[in-house]
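Input: a single structure, listed below in structure tokens.
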Ligand code: DI6
Ligand code: FE
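Residue numbers (my numbering): 7 to 427.
Put into structure tokens, the structure is as follows:
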């Protein structure tokens, strides 16, 4: 077998860039087998895409510039972290301590701490400083196999400051081996200059949208629909404006109370509704009908010591795809470990390890509108792969604080290929 693949390409003949042999693939393509698993497989990469995938015995006589024998190791799609607030100034460690002495997230937010304190720190930081502070957080995600990440604005709360955050997110995409999708979250909180003028700020967000759309800095628009943030009516106005500009929407919905956020997201055919602890059966049904993905965020649930469980069983019954994400943010989820998020989803929410991995691959991609190009191992999709030193894929959700990633490949490129022949 290896003789047939080590022949260099003849002049004019295009060979593969990389050929992985003897792999176990968790394709995450629903094929009746857990994890869409296929064993004894080869996978070839060409021009950043999966060019061929099949049993070793069927491997065509095709040259490859690099041969990587995997010796039975498991390969999953590169992980997709579809909900983060990775770019922000400062931290909220002091607030963490306050909460430990009894103050609630809502009390802190109402007293001007919480998101508002991160807004002040983010406004005070220049792009270079934001880039420098986001870098290590992004590195932590990459070290656990993330190849696609969504990054929200939402701590700037003016056109210039939101654009600054989004530019930093785009810079991260240029500086690191990761695909970045950006989301404009102007409707995250009231900035201090609009403290007593909610309608004024909602209008200001609507007025920011055309410039945001023109700039190409945002791939989607999000809002925080909650008693401590924006009402369903305000959210709907912002979504109408976003849709008129051709921007898809997503929503922080039903995290702390049931405001009908899931149904609202569904009404706008949102890519996703996120959090969803308080979502009703009607909300779940509306999401199913609209094709809106449920993004489950166990990190925030854990940190805020919430007790209301998201309706996982209802999502299953209605066939709503469940994505999973870190929600990496300085307040409710200072979490940069997708593997720990998978464990939390299983331990706290009784999701299965397979659902947890689907949440960080196939369904994470769906939540970003990238279902056609990312999230599964299939010919034609991006060659985004993670290679793991595990005996079975369920181990990814099983351990706490242990990282079995050998290496990740994004668009067919690795920072290093330790086992390259
Ligand atoms: N929900 C969240 O999980 C984050 N924002 C939001 O709307 C929390 C943001 C923060 O506390 O800084
Ligand atoms: Fe969030």
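Beta carbons: idealized from backbone N, C-alpha and C, even for Gly. Keep in mind the model is a prediction, meaning the values are calculated, not measured.
Got a sec: does the ligand FE put a non-hydrogen atom nearer than 8 Å to the Cβ of residue i?
i	result
residue 94	no
residue 409	no
residue 324	no
residue 253	no
residue 335	yes
residue 55	no
residue 263	no
residue 278	no
residue 281	yes
residue 258	yes
Taking 6 Å as the limit between beta carbons, can you name the residues of its chain near residue i, skipping five residues before and five after?
i	result
residue 271	257, 259, 279 and 298
residue 247	212 and 215
residue 187	156, 225 and 374
residue 48	27, 62 and 65
residue 196	207
residue 407	none
residue 262	232
residue 10	Note that residue 10 scores 40 on pLDDT, short of 50, meaning its location in the model is unreliable; the coordinates nonetheless yield the value given after this. These residues qualify, in order along the chain: 67.
residue 385	56 and 59
If you measure between the beta carbons of residue i and residue j, is that distance less than 9 Å?
i	j	result
residue 367	residue 82	yes
residue 95	residue 146	no
residue 132	residue 191	no
residue 306	residue 338	yes
residue 330	residue 348	yes
residue 34	residue 381	yes
residue 25	residue 73	yes
residue 370	residue 97	no
residue 392	residue 379	no
residue 159	residue 93	yes
residue 140	residue 174	yes
residue 84	residue 415	yes
residue 316	residue 285	yes
residue 365	residue 302	yes
residue 420	residue 351	no
residue 78	residue 116	no
residue 185	residue 390	yes
residue 54	residue 417	yes
residue 251	residue 176	no
residue 242	residue 269	no
Is residue i near the ligand DI6, in the sense that its beta carbon is under 8 Å from a heavy atom of that ligand?
i	result
residue 109	no
residue 87	no
residue 103	no
residue 91	yes
residue 358	no
residue 365	no
residue 160	yes
residue 113	no
residue 148	no
residue 303	yes
residue 285	no
residue 156	no
residue 237	no
residue 230	yes
residue 164	no
Between residue i and the rest of its own chain, which residues show a CB-CB distance below 7 Å, the 5 nearest in sequence each way excluded?
i	result
residue 182	144 and 148
residue 443	Residue 443 is absent from the model: the chain starts at 7 and stops at 427.
residue 52	22 and 23
residue 41	32, 34, 360, 363 and 399
residue 221	169
residue 312	283
residue 129	162 and 167
residue 15	Any answer about residue 15 is weak, because its pLDDT of 49 lies below 50 and its placement is not dependable; what the coordinates show is given next. Cβ within range, chain order: 21 and 69.
Which partner residues of residue i appear in the DSSP bridge assignment?
i	result
residue 256	278
residue 231	236 and 259
residue 154	86 and 185
residue 47	29 and 61
residue 393	81 and 413
residue 74	26
residue 52	55
residue 477	Residue 477 lies beyond the stretch modelled for the chain, which goes from 7 to 427, so this question has no answer here.
So, for residue i: in the same chain, excluding its five sequence neighbours on each side, which residues have a beta-carbon less than 8 Å away from its beta-carbon?
i	result
residue 20	52
residue 294	324, 325 and 326
residue 358	352
residue 36	42
residue 7	Any reading at residue 7 needs caution, since the residue's pLDDT is 35, under 50, leaving its predicted position unreliable; the model's value is listed next. Closer than 8 Å at the Cβ level, and outside the excluded window around residue 7, lie 27, 62 and 65.
Does residue i get closer than 9 Å to chain B when you measure Cβ to Cβ?
i	result
residue 90	The chain inventory of the structure shown lacks chain B, comprising one protein chain alone.
Nearer than 8 Å: is that true of the beta carbon of residue i relative to any heavy atom of the ligand NAP?
i	result
residue 117	Annotation note on the ligand NAP: not contained in the displayed structure, which lists the ligand DI6 and the ligand FE as its ligands.
Query raised in the report: If you scan the stretch 177-212 from start to end, which runs of the beta strand (DSSP E) of 3 or more residues do you find wholly inside it?
Result: 185-193
**Report entry** Residue ranges of each beta strand (DSSP E) within the stretch 270-320, 3 or longer
**Finding:** 278-281 and 299-302
**Report entry** In chain order, each beta strand (DSSP E) run of at least 3 residues that lies wholly inside the stretch 77-143
**Finding:** 80-83 and 85-87
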